[in-house]
Amino acid sequence: MAVDEPESVAGKPPAEEKQSIELREEELQARKQRVETGEVKLRKEVVTERREIEVPVAREEVFVERQRLAEPAPAPDAQIEEGEFRVTLAAEEVSVEKRTVVREEVVLGKRQITDLEHVEGEVRREAPRIERHGVDASAVDESGSRHGT
């Protein structure tokens, strides 16, 4: 037997009666704070090492060269006697001096790198639960809609 639904005034169907509840849930929300993770020091130390350089040095050396004349030349009033000639020789001596020069520059800086970090946590949510009391179970679906029979 079918149940007749009441009609409203002027032959219009009655307005649906609805009630609603809000369903809430928790969401994960990340917060960040800056923490110190370490320190890097840049120091310089004095290191002593042995270096070698090659330097061209000049020196003088004596040579003796005898040349025979094609024709002997006359030497009037010349006497034959002993004698000596001197030639002074010189050479370069190397001395080492040191000078300080800038050979390189070391830069210590920092830059910001952004990584993705995976975080997880448990959250709760409200879920609807339909309890049927005195209603035919086939008449109401899980969404709460009423089906006509």
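Here full-length UniProt numbering is used: the first residue of the sequence shown is 1, the next is one more, and so on.
Where is the CB? At the ideal position from N, CA and C, for every residue including glycine.
These numbers were taken from a predicted model, which means no experiment stands behind them.
- Within the same chain, and ignoring the five residues on either side of R43 in sequence, no residue has its Cβ closer than 8 Å to its Cβ.
- For E60 against A91, the beta-carbon gap comes to about 7 Å, under 8 Å, which counts as contact.
- Look at the beta carbons and you see the stretch 114-129 touching the stretch 25-35: at least three pairs across the two are nearer than 8 Å.
- Annotation: E49 to T100 spans about 15 Å, alpha carbon to alpha carbon.
- The three-state reading of DSSP puts A15 in coil, since its state is none of H, G, I, E or B.
- Non-local C-beta neighbours of V94 in its own chain, meaning closer than 7 Å and more than five positions away in sequence, comprise V55 and V57, ordered along the chain.
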